[in-house]
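Positions 496 to 861 (my numbering) are the ones given, in order, by the sequence shown. What follows is a set of notes on a single structure, which appears directly below.
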Amino acid sequence: MLQILLLALAASLFSGQFLIRYAHLHARFSTDGDVTGVQKFHATPVPRIGGLPIMLGLIAGCALSGYLNTSVWVLLLLLSAFPAFAAGFIEDLTKKIGPLPRLLATFVAAGLGYFLLGAGLARLSIPGVDHLLASYWWLSLLLTVVAVGGVAHAVNIIDGYNGLSGMVAVFIFLAIIYVCFKVQDIVLMSVCFAMVGAVLGFLFWNFPRGLIFAGDGGAYLIGFMIAEISVLLVARNPAVSPWFPLLCVIYPVFETVFSIYRRKFLQGRAVGYPDALHLHQMIYKRMVLWMVGSKDARHLTQRNSMTSPYLWLLTSFSVVPAMLFWNRTWVLMLFCLLFVLGYLYLYRMIVRFKVPNWLVLRRDDS
């Protein structure tokens, strides 16, 4: 497993270095030069094609996994992931692929996984629902497509600050690795190690310096792999509760659900209307008061990167109990509820300026 992780890490690390070193050659297509948009929180134009190093790292790791395990299964997984990655990566290069086509591409990817790998949700540990899923394959397919596409889109939504979505993904993959070890699903565990290596190689350049962004290609690839591996883990191992992966991804998933509710019912706006009111953005604006007002690019990058650890800590409150109770459905359900309540309490506290001073990072521009 260490070989797979290191190979994926090296492939991602050095391909990322290459893209950064020769950014002037592809900046016309790859650079995110909009630093004034409502959802933009970086100081200078930055390449947003970090999904490419992640994909290259994943390919390298999966190739070694396939060789060591004498299995072409991982290659089918890569094939399934390609539509999700490609749609996001094309958007990174052209800025012409809207959210709906990207979401549909993840649905296609999930459909490929369903038919090529048997990656289908056939149980939710909910009375009555499991019987329906087992009786009607098309219901299982529909649920799988929506779940996988939803998680991929959710990871893209939280991809707002240096190191945020990448480290959250590493936490989730490590939790899945632990459960794979418990149930001895070696092949699936090897893919997780490949993803950890690929994401860490990217993070070396992304956090804290922000030299390259994951972009939509990277975010959708990471989100799809989290969702697809989660579905496969539950489908291949009856001992694993389907609520284990849900608790692992509850932060990005509930962030998305709450954003839909907030825009549609509280603000009366379209669901896809961009704003700067996600939890990570509220933390940036009201809790990371570091060099506020400074126009220095270094200070802006520092403040950007200081936002992510707050969300890493929040993620740990779901990932750790998910690891501890991976086969106990009712306990996992309870922790999902507790996380949602905790999220809402934190969001309300920030909105009402009632955050304790010890949680606020302060340093004046002087």
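By construction, the Cβ of each residue, glycine as well, lies at the ideal position given by its N, Cα and C atoms.
Neighbour-count burial assignment, residue i, 16 or more Cβ in a 10 Å radius
i, result
"Phe536", "Residue placement at Phe536 is flagged as unreliable, the pLDDT there being 48, under the threshold of 50; the coordinate-derived value follows with that caveat. Buried, because 16 or more other Cβ atoms sit within 10 Å of the Cβ of Phe536."
"Thr565", "exposed"
"His521", "exposed"
"Trp632", "exposed"
"Asp791", "exposed"
"Gln534", "Low confidence applies to Gln534: its pLDDT is 44, below 50, so where it sits in the model is not reliable enough to give any reading."
"Ala642", "buried"
"Leu619", "buried"
"Phe513", "exposed"
"Ala670", "buried"
"Ala734", "exposed"
"Ala817", "buried"
Sheet register partners of residue i (DSSP bridge)
i, result
"Thr526", "Pro542"
"Leu784", "Arg857"
Helix, strand or coil at residue i [DSSP, three-state]
i, result
"Arg857", "strand"
"Val694", "helix"
"Tyr631", "coil"
"Trp700", "helix"
"Lys535", "With a pLDDT of 47 at Lys535, under the threshold of 50, the predicted position of this residue should be treated as unreliable, though the coordinate-derived value follows. Lys535 falls in the coil class under three-state DSSP."
"Met550", "helix"
"Ile515", "helix"
"Ile653", "coil"
"Ile849", "With the sequence shown as reference, residue 849 is identified as Lys, and Ile is not the correct amino acid for it. Here Lys849 sits in coil by DSSP."
"Gly718", "helix"
"Trp507", "The residue asked about is misnamed: residue 507 is Ser in this sequence, not Trp. Helix."
Whole-angstrom C-beta distance between residue j and residue i, which should lie under 8 Å
i, j, result
"Ala668", "Cys687", "The residue asked about is misnamed: residue 668 is Phe in this sequence, not Ala. With 8 Å as the limit, Phe668 and Cys687 qualify as a contact, their Cβ atoms being about 5 Å apart."
"Ile499", "Ala689", "5 Å"
"Arg731", "Asp680", "6 Å"
"Leu741", "Met801", "The pair is not a contact, with the Cβ atoms about 29 Å apart (cut-off 8 Å)."
"Phe719", "Thr601", "6 Å"
"Thr810", "Val663", "5 Å"
"Leu706", "Val541", "7 Å"
Where the alpha helix (DSSP H) through residue i begins and ends
i, result
"Asp587", "Trp568 to Thr589"
"Pro596", "Pro594 to Leu612"
"Ile707", "Per DSSP, Ile707 belongs to no alpha helix (DSSP H) and is neither H nor E."
"Asn799", "Ala792 to Leu819"
"Val735", "That residue, Val735, is in no alpha helix (DSSP H); it is neither H nor E in DSSP."
"Met496", "Element bounds for Met496: n/a, residue is neither H nor E."
"Val826", "Thr824 to Val846"
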